[in-house]
Amino acid sequence: MKKIEAIIRHFKLEDVKNALAAEGIQGMTISEVRGFGRQKGHTEMYRGQEYTVDFVPKVKVEIVVPSEGARRAIDTIMRAAQTGQIGDGKIFVVSLDETIRIRTGETGEEAV
Amino acid sequence: MSATRYFAAFVCACWLVTIGIATIHAQEPENAPAAAGAPAVTNETPESSHVEPGPQPIDKGDHAWMLVSSALVLMMTAPGLALFYCGLVRKKNVLSVMMQCVFLMAMMTVIWALWGYSLAFGGSPGDATYSRWIGNADYLFMRNVQPFENADGVVVYPIEGTIPRLTHMLFQGMFFIITPALICGAFAERMKFSTMVVFMILWGTLIYCPLCHWVWDGGLLAWDIPGGKKADGAWVGALDFAGGTVVHISSGISALVCALVMGRRLGFRSEPMPPHNLTYTTTGAALLWVGWFGFNAGSALAATEQAAAAFTATHFAAAAGGLAWAIMEWLTRGKPSVLGTCSGVVAGLVCITPASGFVQPMAALVMGATAGVVCFVACTTLKTKLGYDDSLDAFGVHGVGGTLGAILTGVFATKIVGGGAVPLGLLEELKTGAATTALDQPGILTQTVAALITWGVAAIGTFVLLKVLDVAMGLRVSQREEIQGLDLSQHGEEGYIFI
């Protein structure tokens with residue numbers, strides 16, 4: 000199993016969700032996050048005073064998929080989240096040891 | 003229990019005793035000794051106050067407008083100013099700024115009721131007890147302001163012009179509330195609340211009340227007072243329709259002195275201090291714009307043509323100010339900001355305040371636009387170069403905008419709007435041939451002198467008050483409390499609790 004963490008733009012969340020759902024991927028967790036990569040934040044101006052904002056707001060999407068389906072999920076997210084501009088985000092793939100459904104106690108891919 | 007708590011308890015006890023005594027005295031105004039203020043019927047003047055038993059000569063239209071205006075002006079302090087200021091501070095200080103505004107609404111009202119209104123408006127020129135320096139004791143504890151029963155058993159309702167004196171007191175009291183609240187912008191995020199309370203009691207009593215009396219009750223700076231220095235009464239004093247000197251210059255200069263005496267906030271210029279919620283600030287600015295109609299058009303004290311002129315001038319100046327500041331930012335920074343537009347609106351409103359009942363609409367557009375540009379430079383360039391920490395630009399907007407407005411009033415004021423027989427402003431003087439140069443034109447000179455006198459009184463008075471309070475109580479919170487934020491350290495509450 001793989002856990003895929005995708006850091007994407009806010010306005011791309013809906014596109015990514017719909018694209019993943021169309022691929023049959025069920026379930027995801029999202030959270031509001033802040034950070035920076037090569038894009039390096041931006042500056043804001045208040046009454047002549049400049050402030051550098053390092054941490055840019057993004058959305059993190061987390062999904063868990065069988066190992067053989069990971070490539071397809073990654074391609075789907077890339078296709079849906081891409082604008083071509085700086086700041087489109089990152090995708091991290093993590094190997095997952097175990098998944099457990101709390102209600103039934105099922106484990107592994109059955110629990111996803 | 004700390005010394006501060008003992009002090010707060012002592013102040014409360016003194017107030018309760020004072021209010022009790024005041025209530026007892028206020029029951030029988032007609033029995034008061036003459037020296038403490040004759041009944042209002044004896045200080046009647048043709049154009050101002052008088053009291054008559056029987057049917058009241060109250061103009062219902064005027065009165066309705068003044069009640070609405072009073073409410074509009076109160077709305078300027080909270081929610082208007084409270085939202086405007088609280089959005090500009092960091093989120094750990096959001097409640098402290100709102101508290102200052104709301105607390106001042108309560109405290110200044112009580113002071114106004116007990117002695118403030120009397121010190122500001124007590125007596126009329128010609129009375130035996132009248133002084134040009136300070137109001138007399140006529141209206142202490144609301145005597146001769148509230149209705150009373152005379153010796154014949156007739157209930158007398160004191161009036162001022164065509165409205166009840168109670169309404170006049172209320173309207174002017176709203177100015178007494180917002181003026182000190184404006185100063186809070188300068189020392190935001192670092193002043194001890196207990197010291198702020200005592201400072202405002204003293205500032206309101208010793209600086210605002212005399213200035214108010216000087217300008218609006220026939221005092222030292224009043225325009226065209228009877229018995230003035232010139233026989234034609236044409237040049238004495240300041241044209242200040244709604245508070246350019248009394249409200250904005252006094253608070254703006256005091257704000258600058260506060261910023262200088264108290265010093266910069268911890269981390270000023272080394273750590274980011276951006277506004278924490280500009281949506282609050284924008285909402286507050288919009289409420290200020292609306293409330294300012296009561297502030298300026300209400301200052302006609304009647305629903306007259308002059309009120310309409312003041313309303314128009316106020317609206318036009320606000321619009322021009324917002325536009326000018328936004329354009330300045332667009333040109334110099336590449337983007338027009340929301341905060342800049344809001345600041346420009348307030349700058350335009352401040353600038354037109356002294357002139358609102360004296361100028362034509364096109365002049366108001368010019369004044370508002372000028373204020374937008376000048377205050378933009380003051381808040382962005384001047385402040386940066388001089389290095390003082392006027393947290394929320396109380397001086398940059400009110401001090402600079404108020405002074406500019408006072409001087410420009412001397413340029414654009416016209417008798418067509420302001421009334422009277424003599425030309426008022428420089429342009430009118432030049433047009434009528436009454437003056438050939440600016441130096442021949444008395445209005446602009448007296449406006450400048452009045453502004454400078456107000457600068458001096460506010461600066462020296464505030465400096466002395468702060469130095470005394472610094473020794474007696476301390477001005478700033480401790481470093482630990484400042485880092486923690488004033489919401490928790492001064493009030494034991496947090497503005498935002500998300501669970």
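Just so you know, the protein sequences line up as chains R and L, in that order.
Numbering follows our numbering, with no gaps: position 27 of the first sequence is 26.
Numbering follows our numbering, with no gaps: position 310 of the second sequence is 312.
Yeah, the Cβ is synthetic: ideal placement off N, Cα and C, and Gly gets one too.
Query                                                                                                                                                                                       : Result
How about residue 386(L): is its C-beta nearer than 8 Å to some C-beta of chain R?                                                                                                          : yes
Please tell me whether, using a cut-off of 7 Å, the distance from the CB of residue 164(L) to the nearest non-hydrogen atom of the ligand SAM is below it.                                  : Judged by which ligands are present, the structure shown has none, so any question about the ligand SAM falls away.
For the stretch 41-88 of chain R, which segments carrying the alpha helix (DSSP H) assignment without a break, of at least 4 residues, lie completely within its bounds, in sequence order? : 69-80
Compute the beta-carbon to beta-carbon distance between residue 446(L) and residue 418(L), rounded to the nearest angstrom, for a pair I have assumed lies under 8 Å.                       : Contact doesn't hold; Cβ gap of about 18 Å is too wide.
How long is the line joining the alpha carbons of residue 59(R) and residue 88(R), rounded to whole angstroms?                                                                              : 9 Å
I'd like to check one pair, residue 201(L) with residue 471(L): are the Cβ atoms closer than 8 Å?                                                                                           : yes
Alpha helix (DSSP H) containing residue 267(L): first to last residue?                                                                                                                      : Unbroken run through residue 267(L): none, as it is neither H nor E.
Taking only beta-carbon positions, decide if residue 0(R) is within less than 8 Å of chain L.                                                                                               : no
Express the C-alpha separation of residue 5(R) and residue 336(L) in angstroms, rounding to a whole number.                                                                                 : 34 Å
Between the stretch 333-357 of chain L and chain A, which residues of the former have a C-beta closer than 8 Å to a C-beta of the latter?                                                   : The structure shown contains no chain A; its protein chains are R and L.
Who pairs with residue 193(L) in a beta bridge, going by DSSP?                                                                                                                              : 478(L)
Expressed to the nearest angstrom, what Euclidean distance is found between the alpha-carbon atoms of residue 54(R) and residue 93(L)?                                                      : 18 Å
Is residue 70(R) buried or exposed, if buried means 16 or more other CB atoms sit within 10 Å of its CB?                                                                                    : exposed
So if DSSP puts residue 34(R) in a beta bridge, which residue, or which two residues, is it bridged to?                                                                                     : 55(R)
Would you call the CB atoms of residue 44(R) and residue 339(L) closer than 8 Å?                                                                                                            : yes
From the DSSP output, read off the bridge partner residues of residue 157(L).                                                                                                               : 151(L)
Could you tell me which chain R residues have their CB closer than 8 Å to the CB of residue 211(L), listed as they occur along the chain?                                                   : The contacting residues do not exist; residue 211(L) stays about 32 Å from chain R at best.
Listed from N- to C-terminal order along the chain, which residues in the stretch 46-73 of chain R have their beta-carbon within a distance smaller than 7 Å of any beta-carbon of chain L? : 46, 47 and 50
Return the CA-CA distance between residue 98(R) and residue 21(R), expressed in angstroms with no decimal places.                                                                           : 23 Å
Which residues of the stretch 74-95 of chain R have a Cβ closer than 7 Å to any Cβ of chain L? Give them in chain order.                                                                    : none
Here's the rule: buried if 16 or more other CB atoms are within 10 angstroms of the residue's CB, otherwise exposed. What is residue 48(L)?                                                 : Because the pLDDT of residue 48(L) is 39, which lies under 50, any placement of that residue in the model is unreliable, and the number read from its coordinates should be weighed accordingly. Exposed is the call here.
Helix or strand or just coil, what does DSSP make of residue 5(R)?                                                                                                                          : strand
Assign residue 466(L) to one of two classes, buried (16 or more other C-beta atoms within 10 Å of its C-beta) or exposed (fewer than that).                                                 : exposed
Using DSSP bridges, identify the partner residues of residue 94(R).                                                                                                                         : 1(R)
Output, in chain order, the set of chain L residues within a Cβ distance shorter than 7 Å of residue 44(R).                                                                                 : 335 and 339
Short of 6 Å in beta carbon distance, which residues of its chain neighbour residue 41(R), apart from the five on each side in sequence? Order them along the chain.                        : 52
Taking the CB atoms as reference points, tell me whether residue 184(L) and residue 253(L) lie closer together than 8 Å.                                                                    : yes
In terms of alpha-carbon separation, which member of 162(L), 380(L), 402(L) and 78(L) lies closest to residue 283(L)?                                                                       : 78(L)
Is it true that the stretch 311-323 of chain L meets the stretch 342-358 of chain L, where meeting means three or more beta-carbon pairs spaced less than 8 Å apart?                        : yes
Below 9 Å on C-beta distance, what does residue 383(L) contact in chain R?                                                                                                                  : 47
When the Cα of residue 279(L) is compared with those of 482(L), 479(L), 84(L) and 69(L), which residue comes out closest?                                                                   : 84(L)
Which chain R residues sit within Cβ distance under 7 Å of residue 392(L)?                                                                                                                  : None at all; the shortest Cβ gap to chain R is about 10 Å.
Are the beta-carbon atoms of residue 243(L) and residue 98(L) separated by less than 8 Å?                                                                                                   : no
First and last residue of the alpha helix (DSSP H) that includes residue 416(L)?                                                                                                            : It is not in any alpha helix (DSSP H) - residue 416(L) carries neither H nor E in the DSSP assignment.
Could you tell me the boundaries of the alpha helix (DSSP H) in which residue 100(R) lies?                                                                                                  : From DSSP, residue 100(R) is part of no alpha helix (DSSP H); its letter is neither H nor E.
What in chain R is Cβ-close to residue 242(L), meaning under 7 Å?                                                                                                                           : Under the 7 Å cutoff, chain R gives no residues; its nearest Cβ is about 28 Å from residue 242(L).
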